[in-house]
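**Student:**
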């Protein structure tokens, strides 16, 4: 059996919580921020959880997180 490898691009984007859920940062917060409201930018700062349907895909890409 070959070694299981982690996709490094995915490993940089996801973290695991203590309960085993996967955390991600919200998109649309890097540029073109002038037109976005302060409330919207503030909410984009918060982390979000990966949906149940996508959790399996992320686990395959990052088996060790």
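In our numbering, the protein residues as written are 20 to 84. Positions of the beta carbon are idealized from the N, C-alpha and C atoms, including for glycine.
Going straight from the alpha carbon of residue 50 to that of residue 77, what length do you get?
**Tutor:** One C-alpha to the other measures close to 26 Å.
**Student:** Ends of the alpha helix (DSSP H) at residue 63?
**Tutor:** It spans 57 to 64 - the alpha helix (DSSP H) in which residue 63 sits, taken as one unbroken run.
**Student:** Note down the Cα distance separating residue 38 from residue 53, rounded to an integer number of angstroms.
**Tutor:** If you take the alpha carbons of residue 38 and residue 53, they lie about 37 Å apart.
**Student:** So, at 7 Å on beta carbons, what are the nonlocal neighbours of residue 67 in its own chain, with the 5 sequence-adjacent residues on each side left out?
**Tutor:** Answer for residue 67: 43, 45, listed in chain order.
**Student:** Going by DSSP in three states, residue 26 sits in which element: helix, strand or coil?
**Tutor:** It is coil, neither helix nor strand.
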